[in-house]
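Protein sequence lines, in the order shown, are assigned to chains A and B.
Counting in our numbering, the first sequence runs from 989 upward without gaps.
Counting in our numbering, the second sequence runs from 14 upward without gaps.
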Amino acid sequence: MTSKFRTKKVEVSYGDKKAIRDISLDIEKNIITALIGPSGCGKSTFLRCLNRMNDVIENCSIKGSIHLDEQDIYGPDIDPVELRARVGMVFQKANPFPKSIFDNIAYGPRIHGLASNDSELKDIVHNSLEKAGLMDEVKDRLNDQATGLSGGQQQRICIARAIAVSPEVILMDEPCSALDPIATAKIEELMNELCESYTIIIVTHSMQQAARVSKKTAFFHLGDLIEYNDTDKIFTQPENQKTQDYITGRFG
Amino acid sequence: MTLPLSFVFFVLLGLSVYFYYHAKSGIVRKAALLSDRTKALPSHYGQQSFLWAFIPSLLILLVLTIGGPNYIDQIFYNKIQELNPTFNESFVSLILAKVINVSNGKISTGEENIIMLAKDYKIAFEQLHFYRGLVVILCAALLGMIISYRQKPGSNAREQVEKFIVNIFFASAVIAIFTTVAIILSLFFEALRFFNLYNFFDFIFGLHWAPNVAIRTDQVAAEGSFGMIPVLLGTLLISFIAMCVAIPIGLFSAIYLAEFATPKIRDFVKPTLEILAGIPTVVYGYFAALTAAPFFREIGFSLGLDVSSESAIAAGAVMGIMIIPFISSLSDDVIRAVPQSLRDGSMGLGATKAETIYIVILPAAIPGLIGAVLLAVSRAIGETMIVVMAAGLSANLTVNPLESVTTVTVQIVSLLTGDTEFDDIKTLSAFGLGLALFFFTLLLNIFALSISRRLAERYD
């Protein structure tokens, strides 16, 4: 078991309001870690710290330390742009760019100069679509607008787009909350395949989803990390009363 | 008894309001009597009565107020012509004008006939006002009573009212279209009169613009020449210079405002930029003539160039400054309308802010940006005052921004102001220019729309 992320006493505040406090947890490599908890508990805020997406939000300040492979990601020699290429992100609402499917996937490789010629770029795009399980569905219409696809396909385009940059970690912020059960099942299946080569951290409101896909689960409540353990443990014999209450649906 | 317009209008309004309450309480009573529920809310029946009583009567009032005086004038015109069959048209009109002025008491006269006619004219007007009031008020009362009588609890007043209001919306849209068509037609027919006097192809392809014809028959002047190319080229040159100034500055400031400025800076900069749009163009004209033109002249001299004191570049540059807020303000709105999720998506892939803006945001905003630029171009093409003051009146066939040029709108103004006759070739040529300008801007619009459609990246 090696840790991919190691966070110590992370505290994030928006202006005077503290969103999360004293979060210390280690995230293991090449497994799926789920972050659960009621709305406003700070799980998305924590997720966005891991690739410094909070940087773009004004008056947001971060204390504590976050290490990615023993490197402090808030250190002075870290370029957030490079970091985000290593730690990709998939959002709650599928947000394909209003461009063709091909250009969507090729966006990352192009800006990072990952392909030296057109055929390499094509290979990357095809591989990414293949990994995202989309190739069969879109192979005849790579030049169509990505925004014309269904919601589930759009979300898988976003995943393929993230994979195309070959990140080490993929952060997913409620990726299935706008999707129907069939599309959700497809994405969960995809996550299971992807976690062999990527570290995946997913924020979800669905406890069934957390139980189905993740190996480890962290439960957040009102900005605190209440419990962090193997998913099996959390859902069968939680140590904390609050966790127990939340997973049995007594609040949240 | 006279019934002035305001009186009739307020009686009509009062009656209609009365019918509103009458129908509202009436329908409740009817429903109670039949121990039935009303199909719509009582206020819907009130609204129905109000609209039925008010709108048709208001239309009658409008028609009589606008058409009535014309009708009376026509009657008196015919009467005068009958009395004096030898008079020609313009003389009859002159007498009619005299009659009208006498009847208003604006002038007095000793001529018996005119005084008689003026008295009749005054009586005719009083009768018109009286019957106008009578017809309108009776119509409102009658319609209000009929509709209130016919309303049953089972009739769906809400549906009727909604239909009526949709029709009002439709009528408003049609009025706007009709007015546009009327403007185009009037332009077209006047231009046609010009092309009867002057060859169409000589006009649109002519390279020489010199509208110096004799205005009155006793004057001596050269044969006028109406080739619009130099004038159109002047418009294009000045607009081009203006856009060269306005598009980069406007677009860059919009990108700054939308993507980089903190809310504090934005709240200060945006209104300040918009003040530029509020400055009257005459003031820009001073600035162009007194500050910008000498400035360019001096720069020109120091570079060894001969800059005319009324130069296209001075007018164009100042016009560009005037247009900046149109582009920056609209583009700022358009750029900010691109969803945050696209920015997040791009940042999440490790794109820099610059890459996000150039590859994602601007392409998504293109249709709106083209719209903003188009609006600015039409402002530039239509702008007159700055050019009059800073670029001059001489129609030089040149694309040299250092020389003085003139534009279509400036020529139209100078052709139509002052001592002119309306069937003169010089005056009519202004309509030819107007029509040409209209078609030019139309083509420009169609062109820009097709570009924007091709480039559009739709986000949802």
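Where a beta carbon is used, it is the ideal one built from N, C-alpha and C, also for glycine.
{"query": "Would you list, in chain order, the members of the stretch 1158 to 1187 of chain A that have their beta-carbon closer than 9 Å to a beta-carbon of chain B?", "result": "Leu1159"}
{"query": "Could you check where the alpha helix (DSSP H) with Val132 (chain B) kicks off and where it finishes?", "result": "Note that residue 132 (chain B) is Lys in the sequence shown, not Val. Looking at the DSSP string, the run of the alpha helix (DSSP H) that includes Lys132 (chain B) is 125 to 163."}
{"query": "How about Cys1146 (chain A): is its C-beta nearer than 8 Å to some C-beta of chain B?", "result": "yes"}
{"query": "Closer than 8 Å by C-beta to Gly219 (chain B): which residues in its own chain qualify, once you throw out the five before and the five after it? Chain order, please.", "result": "Ser238, Phe239, Gly240, Met241, Ile242"}
{"query": "Determine whether the Cβ of Phe1208 (chain A) lies closer than 8 Å to any Cβ atom of chain B.", "result": "no"}
{"query": "Would you tell me roughly how many angstroms separate the C-alpha atoms of Ser1116 (chain A) and Lys1127 (chain A), rounded to the nearest one?", "result": "12 Å"}
{"query": "Kindly list, in the order they appear in chain C, the residues whose Cβ is closer than 8 Å to that of Met360 (chain B).", "result": "Given the protein chain composition of this structure (A and B), no chain C is represented."}
{"query": "Can you pull the chain B neighbours of Ile1099 (chain A), defined as C-beta to C-beta under 8 Å?", "result": "Leu362, Gly363, Ala364, Thr365, Glu368, Ile372"}
{"query": "With Arg1001 (chain A) as the anchor, note down where its beta strand (DSSP E) starts and where it stops.", "result": "Going by the sequence as given, residue 1001 (chain A) is Ser instead of Arg. Element bounds for Ser1001 (chain A): 991 to 1002."}
{"query": "Can a CB atom of chain B be found closer than 8 Å to the CB of Met1077 (chain A)?", "result": "yes"}
{"query": "Would you be able to state if there are at least three C-beta pairs under 8 Å between the stretch 87 to 96 of chain B and the stretch 198 to 214 of chain B?", "result": "no"}
{"query": "Once the 5 residues before and after Arg1009 (chain A) are set aside, which same chain residues still bring their CB inside 6 Å of it?", "result": "Glu999, Gly1211"}
{"query": "Using a 10 Å radius around the Cβ and a threshold of 16 neighbouring Cβ atoms, would you call Ala195 (chain B) buried or exposed?", "result": "exposed"}
{"query": "Is Ala377 (chain B) close to chain A? Criterion is C-beta to C-beta, closer than 8 Å.", "result": "yes"}
{"query": "Where does Ser29 (chain B) fall in DSSP's three states?", "result": "helix"}
{"query": "Among B:Ile217, B:Asn225, B:Asp346, which residue has its Cα nearest to the Cα of Gly263 (chain B)?", "result": "B:Asp346"}
{"query": "Would you give the residue range spanned by the alpha helix (DSSP H) that Asp357 (chain B) belongs to?", "result": "353 to 361"}
{"query": "Helix, strand or coil for Glu396 (chain B) per DSSP?", "result": "coil"}
{"query": "So Ala510 (chain B) and Ala170 (chain B) are supposed to be a Cβ contact under 8 Å. How far apart are they, rounded?", "result": "Outside the displayed span of chain B (14 to 473) sits residue 510 (chain B), for which this structure offers no information."}
{"query": "Between the stretch 1077 to 1096 of chain A and chain B, which residues of the former have CB atoms less than 7 Å from a CB of the latter, in chain order?", "result": "Met1077, Phe1079, Lys1081, Asn1083, Phe1085, Pro1086, Lys1087, Tyr1095, Gly1096"}
{"query": "Would a C-beta distance cut-off of 8 Å place Ala66 (chain B) and Ser29 (chain B) closer than the cut-off?", "result": "yes"}
{"query": "What is the residue span of the alpha helix (DSSP H) that Leu12 (chain B) lies within?", "result": "Nothing can be reported for residue 12 (chain B): it is not among the residues displayed for chain B, which extend from 14 to 473."}
{"query": "Going by Cα to Cα distance, which pick from A:Arg1040, A:Gln1143, A:Leu1023 is closest to Ile1170 (chain A)?", "result": "A:Gln1143"}
{"query": "Using the C-alpha atoms, what's the distance from Ile464 (chain B) back to Ala306 (chain B)?", "result": "35 Å"}
{"query": "Interface residues of chain A around Leu355 (chain B) at Cβ under 7 Å?", "result": "Asn1083, Phe1085"}
{"query": "Below 8 Å on the Cβ atoms is my guess for Glu1070 (chain A) versus Gly363 (chain B); work out the distance and round it to an integer in Å.", "result": "7 Å"}
{"query": "Could you spell out where the alpha helix (DSSP H) holding Met1195 (chain A) opens and where it closes?", "result": "1195 to 1201"}
{"query": "Can you check DSSP and say which residues form a bridge with Glu1016 (chain A)?", "result": "A:Ser991"}
{"query": "Quick one, are the C-beta atoms of Tyr1095 (chain A) and Arg1149 (chain A) less than 8 Å apart?", "result": "yes"}
{"query": "Which residues bound the alpha helix (DSSP H) around Met1041 (chain A)?", "result": "It is not in any alpha helix (DSSP H) - Met1041 (chain A) carries neither H nor E in the DSSP assignment."}
{"query": "Applying a beta-carbon distance threshold of less than 7 Å, which residues of chain B neighbour Arg1149 (chain A)?", "result": "Leu362"}
{"query": "Can you find a C-beta in chain B that's less than 8 Å from the C-beta of Val1069 (chain A)?", "result": "yes"}
{"query": "Taking the alpha-carbon positions, what's the Thr420 (chain B) to Ile120 (chain B) distance?", "result": "44 Å"}
{"query": "So, at 6 Å on beta carbons, what are the nonlocal neighbours of Asp1233 (chain A) in its own chain, with the 5 sequence-adjacent residues on each side left out?", "result": "Phe1239"}
{"query": "Name the chain B residues that come within less than 9 Å of Val1153 (chain A), Cβ to Cβ?", "result": "Leu362, Gly363"}
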